[in-house]
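Undergrad: Residue numbers (our numbering), protein chains in the order written: chain R, 570 to 1318; chain U, 1126 to 1364. For every residue, glycine included, the Cβ atom is placed at its ideal position computed from N, Cα and C.
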Amino acid sequence: MSVIDRKVLEQHGVTEGEYARIQELLGREPNMLELGLFSVMWSEHCSYKSSRVHLKTLPTTGPRVVQGPGENAGAVDIGDGLAAVFKIESHNHPSFIEPYQGAATGVGGIIRDIFTMGARPIALLNALRFGSLETPLARRIFSGVVAGIGGYGNSIGIPTIGGEIVFDPMYAGNPLVNVLCLGLARHDEIIKGQASGVGNPVYYVGARTGRDGIHGATMASAEFDESSAEKRPAVQVGDPFMEKLLMEACLEVMKTDALVGIQDMGAAGLTCATSEMSSRGNCGMDVEVSLVPQRETGMTPYEIMLSESQERMLLVAKAGREREVEAVFEKWDLHAVRVGHVTASDRVRLFHHGALVADVPTKALTDEGPVYRRPMSRPSWQTAVQQLDLAPLSPPGTSQAAFESLLASPIIASKRWAFNQFDHSVGTNTIAQPGTAAGVVRIKGATQGLAVSVDGNGRHCYLDPYRGAMLAVAEASRNVACAGAEPIGGTNNLNFGNPERPEIMWQFGEAVRGIGDACRALDVPITGGNVSLYNETEGRAIYPTPVLGVVGLLADASQTVTRVFQSAGAAVVLLGENRGELGGSEYLARLLDLVQGEPPALDLAAERALQTLVVSLVRGRLVQSAHDCSDGGLAVTLAECTFGSGGIGVEVALDGVKTVPASFVEAATLFGESASRVVVSVADGHVAQVLGAAASAGVPAQVIGRTGGGDIRIDVDGTTAVLLPVAAAEGVWATAIGRRMQSVAAGAA
Amino acid sequence: MTFAVIVFPGSNSDYDAFHAASAVVGAEASLVWHKDTSLGGADAVILPGGFAHGDYLRTGAIAKFSPIMAAVRAFAERGGPVLGICNGFQVLLEAGLLPGAMVRNRGIKFVSKMVPVRVDATDTPFTGACAAGQVLHMPIAHGEGNYFAEPAVIEALERDRQVVFRYVDETGQASAAGNPNGSINNIAGICNARRNVVGLMPHPERACEASLGSADGRLVLDSMVQAFAAGVAGGRSLA
């Protein structure tokens, strides 16, 4: 033949080495369709070829793990025969090209991963990164992404219960949209995405196939350049109504016992679903491509197999039970078309009007793709950015002014402008609303609750990817613990630049090593996740940004607390040490325009002790509120505890830290971001018990002040450093983002 | 007493209403598929929130053609209590069981938050357990809840006290600050002339338990149960 030349390979993102391997596996040259199948299945997005060797080092097992990585989502035991099913996934590249639809279909994709497992989705969270809000482009993308997340999640009726949003110029050309979905299933209801049983029928269900999203997975595996806007046809369009019907129909058909396996058609569409289901079941599959319901005329087998049209599923039913399956889809007015059957071979064979058009060994697509141990090297600038010498610098104004500036920082300010566009009350399970703490949902018919948090700090990871990643695990886990929940499982979304550059690969390797060490120390197994590489525009990579989602189990959902002070006159107790670390802090970035220093130190044993203590204090109802200390340090943490309390103030006296030059003592004491700290409020009668429990646990604890009054007042070494009425502080914090967004027209597409 | 909760394709608060009526309030409740033609002897009907049929044409515009709507209409015409919540309210407007229409929220954006809502009429089967002027905290979650009607219709609604719920600020005043979506006269919910059909945008079924942030919405369901009990005691059926 060969129509397959260097140019064709380049268009498919297949290297010459990979092409040689394809020929070897097939024992011949592939045709264009077969090349297409290999190109999407071997894309970075589907094959994890650069990341796999690192991901294998993560801890993935534990007594509670019901399903680890490798299926559509992970699952952990939460008692009473129930499992929490969850996963995080990115839709970064599509959201840059078309913010509304990119984000919407990202939500749709992760929801499908959860109900594919036989679980009913009960909550969504998101971790979002945008460029500086001072730029119109970032505001437009932010606005569109928020509208898209809402447009999909609100319609389908799954509450968005939390998340985090960061703005930084490093994400200007590569926003991050990571969405976590949490579902609930009985252990015995969990369904695998595998085919089995020779002769069993293979059904295509859901939306018709169009030409949208062809090579979406390949697009997600390349850098952006100035022509990226022209890739818009590779972004899919979401239809939450179709997804809602599909979800209800699938959950209904799963109850019938007529189902063998099911998988959604996400990245790489029908190609991925047919090959992965066959591969997991160690069988083959014959599919007549012309039977696939099509939205457009004249579609070729290549287009049908590579389309990433949304809201489609592939399922294998038990032979003889076809009518039961079809009846359910008829009820919901959905297509359920028998397109093929399971075979005893080890090959995926595709037919078009009866003619064999592709014949590929299943495992060649799924398991025998390239695995790269890409070169890694520590960037030459790494040591330099970790140096922080405060001596020649001076704080740019009073602590009070810095405090107000930080409250107005888009990173710290309330995200209610976004959260108020997300339906968080549908489902009537949401106990802690977005913006108050970890998201918390109860479980109807059971005592337990689940707390979920997503966290990541790209700035920390840029300064030290190993420690930054550990800090992300610690923070997500700590947030869950502050709600009173025991962290029981994690999922990670690894957002990085081009892995073909050794410095990026080093960041990736270090971050995965950090996640692994932290997860082992905190006993949080990783049950799945997603890798998003090539987050670069015109050669400039994002901050290395691993985002951790941690799920925690509340023994009793009614025992949770939030960050908000509940009464005046309570003691304010700081658990952990105030060490005044300013490296990588929001204070340095915002007030001194400095991204410099080492991120805060992390002692994993101390972190674990702290989290265990906090969980036991909440469960024992010894604390009225609990709040993790992070961006903006202790001063911002204390302020956030007063927000939403109806004006309950706080008066605190702190000892100045001794670790910085005299001119920075106040700033480091107030705004340092040392890890492993939690602020709790405690009724007088419980203070001795709390301090005693902390002492037994080996966690430093001290009463630093009291709640009450209408002001936030913080003294450092006997001098009042911050004094502001709660209402004034809350006004600044609550409106900072909304004011910046006022000029933006609505983001809907 | 039995509640029938109608399930349209795209309803997403159907189970929430079912849960509130059954597990919280303790009444009987059944989910009725939109292709059914009978309400199965229910004593009250709830049209739940969601986005029936995708809401792609206009909110509620297709749902009015669902087979079950003939039964709902007949039930309402017999005087049976019908409550439309959020998308259910939009369906009632489209079906002509209530006057007016919904347009996009002022400010265009979807709005999801807990809001104070004042009860301005207690002589309906859905508000009998409330005090006149009582302020209830209930969540709203909608993109098209900006109530609109011709001036003559608004005038008639106000004159005949058919405005049942009104958005207010924290001081209980129907001010501009308390209006989350631009609705004329801060209208959050209305009833028909016979007062047996009520539609409202806030979600009482999501505010029936204190752990969810508010239990005020329970008064709406309790009112329905009380109205039913009073009807039975008086030898009348509501329908």
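Can you grab the Cα-Cα spacing for the pair Val735/R / Leu1161/R, in whole Å?
TA: The sequence position of residue 735/R within the first sequence is 166, counting from 1. The sequence position of residue 1161/R within the first sequence is 592, counting from 1. Between Val735/R and Leu1161/R, the C-alpha separation is close to 18 Å.
Undergrad: Using three-state DSSP, classify Leu903/R as helix, strand or coil.
TA: The count along the first sequence starts at 1 and reaches residue 903/R at position 334. Leu903/R falls in the coil class under three-state DSSP.
Undergrad: Taking 8 Å as the cut-off, decide whether the C-beta atoms of Val1248/R and Leu1143/R are in contact.
TA: Walking along the first sequence from the start, residue 1248/R turns up at place 679. Walking along the first sequence from the start, residue 1143/R turns up at place 574. A contact, by the Cβ cut-off of 8 Å.
Undergrad: For the segment 810–822 of chain R, list every residue whose C-beta sits within 7 Å of some C-beta in chain U, in sequence order.
TA: Residues passing the 7 Å Cβ filter: Phe810, Lys813, Leu814.
Undergrad: Could you name the residues of chain A that His904/R contacts, counting a contact when the two beta carbons are closer than 9 Å?
TA: Looking for chain A here will not work: the only protein chains present are R and U.
Undergrad: What's the C-alpha gap between Val1288/U and Cys1316/U?
TA: As a working note, residue 1288/U is residue 163 in the second sequence. As a working note, residue 1316/U is residue 191 in the second sequence. Their Cα atoms are separated by approximately 7 Å.
Undergrad: Arg1309/R and Leu702/R - do their beta-carbons sit closer together than 8 Å?
TA: On the first sequence, position 133 is the one that residue 702/R refers to. On the first sequence, position 740 is the one that residue 1309/R refers to. The answer is yes: Cβ separation under 8 Å.
Undergrad: By Cβ distance below 8 Å, which residues in the same chain neighbour Met570/R in space, the five residues on each side in sequence not counted?
TA: As a first step, residue 570/R is located in the first sequence; it is residue number 1 there, counting from the start. In this prediction, Met570/R scores a pLDDT of 45, lower than 50, which makes its location untrustworthy; the coordinate-derived value is nonetheless stated afterwards. Result list for Met570/R: Glu598, Asn600, in chain order.
Undergrad: If you check the beta carbons only, do Ala1222/R and Gly1274/R fall under 8 Å apart?
TA: Numbered from its first residue, the first sequence carries residue 1222/R at position 653. Numbered from its first residue, the first sequence carries residue 1274/R at position 705. It is a contact, given that the beta carbons lie within the stated cut-off.
Undergrad: Less than 8 Å between the CB atoms is what I'm expecting for Gly1246/R and Asn1147/R, so what's the real figure, rounded?
TA: By one-based count along the first sequence, residue 1246/R stands at place 677. By one-based count along the first sequence, residue 1147/R stands at place 578. Note that residue 1246/R corresponds to Arg in the displayed sequence, not to Gly. Right, their Cβ atoms sit about 7 Å apart.
Undergrad: Quick one: which unbroken alpha helix (DSSP H) runs of 4-plus residues sit fully inside the segment 1016–1079 of chain R? Chain order, please.
TA: The segment 1016–1079 of chain R contains these whole alpha helix (DSSP H) runs: 1027–1032, 1034–1051.
Undergrad: The segment 958–989 of chain R: which residues have C-beta closer than 7 Å to a C-beta of chain U, in chain order?
TA: The residues in question are Asn989.
Undergrad: Taking just the CA atoms, how far does Pro979/R sit from Tyr1156/R?
TA: Taking the first sequence and counting its residues from 1, the one referred to as residue 1156/R is at position 587. Taking the first sequence and counting its residues from 1, the one referred to as residue 979/R is at position 410. Looking at the two C-alpha atoms, the distance is approximately 13 Å.
Undergrad: Since Cys750/R is in the beta strand (DSSP E), which residue starts that stretch and which ends it?
TA: On the first sequence, residue 750/R is found 181 positions in, with the first residue counted as 1. Unbroken beta strand (DSSP E) run through Cys750/R: 745–755.
Undergrad: Just the C-alpha distance for Val1285/R and Met1239/U, rounded to the nearest angstrom, thanks.
TA: Walking along the first sequence from the start, residue 1285/R turns up at place 716. Walking along the second sequence from the start, residue 1239/U turns up at place 114. Near 38 Å, if we compare the C-alpha coordinates of Met1239/U and Val1285/R.
Undergrad: Could you name each continuous alpha helix (DSSP H) segment of 4 residues or more that falls completely within the segment 1150–1218 of chain U, going from the start of the chain to the end?
TA: Counting whole runs of 4 or more residues, the segment 1150–1218 of chain U contains the alpha helix (DSSP H) stretches 1193–1202.
Undergrad: In whole angstroms, what separates the C-alpha of Glu817/R from that of Thr1127/U?
TA: In the first sequence, residue 817/R corresponds to position 248, counting from 1. In the second sequence, residue 1127/U corresponds to position 2, counting from 1. Rounded to whole angstroms, Glu817/R to Thr1127/U spans 25 Å at the Cα level.
Undergrad: Which runs of the alpha helix (DSSP H) at least 4 residues long sit entirely within the segment 877–956 of chain R? Give them in chain order.
TA: Whole alpha helix (DSSP H) segments, 4+ residues: 891–900, 931–935, 951–955.
Undergrad: Using CA coordinates, which residue listed in Leu875/R, His904/R, Gln879/R is at the minimum distance from Ser612/R?
TA: Here the question's residue 612/R lines up with position 43 in the first sequence. The option with the nearest alpha carbon to Ser612/R is Leu875/R.
Undergrad: Assign Arg801/R to one of three DSSP states: helix, strand, or coil.
TA: As a working note, residue 801/R is residue 232 in the first sequence. Because the pLDDT of Arg801/R is 47, which lies under 50, any placement of that residue in the model is unreliable, and the number read from its coordinates should be weighed accordingly. Reduced to three states, the DSSP call for Arg801/R is helix.
Undergrad: Distance, Cα to Cα, Gly677/R vs Thr997/R?
TA: Reading the first sequence from its first residue, position 108 is the one you call residue 677/R. Reading the first sequence from its first residue, position 428 is the one you call residue 997/R. Gly677/R and Thr997/R: Cα-Cα distance of roughly 21 Å.
Undergrad: When you compare the segment 1295–1308 of chain U with the segment 1189–1203 of chain U, are there three or more beta-carbon pairs, one atom per stretch, that lie closer than 8 Å?
TA: In short, these stretches do not touch, since the Cβ pair count stays below three.
Undergrad: Can you give me the C-alpha to C-alpha distance between Asn1212/U and Met1227/U, rounded to a whole angstrom?
TA: Position 87 of the second sequence holds residue 1212/U. Position 102 of the second sequence holds residue 1227/U. Near 10 Å, if we compare the C-alpha coordinates of Met1227/U and Asn1212/U.
Undergrad: Name the chain U residues that come within less than 8 Å of Arg1011/R, Cβ to Cβ?
TA: What you label residue 1011/R is simply residue 442 of the first sequence in a count that begins at 1. Ser1336, listed in chain order.
Undergrad: In this structure, does DSSP put His1267/U in helix, strand or coil?
TA: Here residue 1267/U refers to the residue found at position 142 of the second sequence. The answer is strand: DSSP assigns His1267/U an E or B state.
Undergrad: Terminal residues of the continuous beta strand (DSSP E) containing Glu733/R?
TA: Here residue 733/R refers to the residue found at position 164 of the first sequence. Here the beta strand (DSSP E) through Glu733/R covers 729–736.
Undergrad: Can you list, in chain order, the residues of its chain whose CB lies under 8 Å from that of Arg755/R, leaving out five sequence neighbours each side?
TA: Position 186 of the first sequence holds residue 755/R. Gly650, Leu651, Ala652.
Undergrad: Check each candidate in Ile873/R, Leu1019/R, Val572/R, Arg1159/R and name the one with the smallest Cα separation from Ala1007/R.
TA: Here residue 1007/R refers to the residue found at position 438 when the first sequence is read from its first residue. The shortest Cα separation from Ala1007/R among Ile873/R, Leu1019/R, Val572/R, Arg1159/R belongs to Leu1019/R.
Undergrad: At the 8 Å Cβ level, is Lys1234/U part of the contact set with chain R, yes or no?
TA: On the second sequence, position 109 is the one that residue 1234/U refers to. Yes, because at least one Cβ of chain R sits closer than 8 Å to the Cβ of Lys1234/U.
Undergrad: Can you have a look at Thr1106/R and say buried or exposed, based on whether 16 or more other CB atoms are within 10 angstroms of its CB?
TA: Here residue 1106/R is taken as the residue at index 537 of the first sequence, counted from 1. It is buried - the Cβ of Thr1106/R has at least 16 other Cβ atoms within 10 Å.
Undergrad: Would you report the Cα separation of Gly1152/R and Leu976/R, rounded to the nearest angstrom?
TA: Within the first sequence, numbered from 1, the residue matching residue 1152/R stands at position 583. Within the first sequence, numbered from 1, the residue matching residue 976/R stands at position 407. Computed Cα separation, rounded: 19 Å.
Undergrad: Use the C-beta contact count for Asn851/R: other C-beta atoms within 10 angstroms, 16 or more gives buried, fewer gives exposed.
TA: Start at 1 with the first residue of the first sequence, and residue 851/R comes out as number 282. So Asn851/R counts as exposed.
Undergrad: Do the CB positions of Met686/R and Ala837/R come within less than 8 Å of each other?
TA: The count along the first sequence starts at 1 and reaches residue 686/R at position 117. The count along the first sequence starts at 1 and reaches residue 837/R at position 268. Contact flag unset, no.
Undergrad: Within 8 Å of any Cβ in chain R, is that where the Cβ of Gly1303/U sits?
TA: Along the second sequence, one-based indexing puts residue 1303/U at 178. Output row for Gly1303/U: interface = no.
Undergrad: Could you name the residues of the segment 1314–1343 of chain U whose beta carbon sits closer than 9 Å to any beta carbon of chain R, in the order they occur along the chain?
TA: So the close ones are His1328, Glu1330, Arg1331, Ala1332, Cys1333, Glu1334, Ser1336, Leu1337, Gly1338.
Undergrad: Give the interface partners of Ala1266/U over in chain R, defined as CB-CB distance under 7 Å, in chain order.
TA: Translated into positions along the second sequence, residue 1266/U becomes position 141. The answer, in chain order, is Asn723, Asp992, Ser994, Val995.
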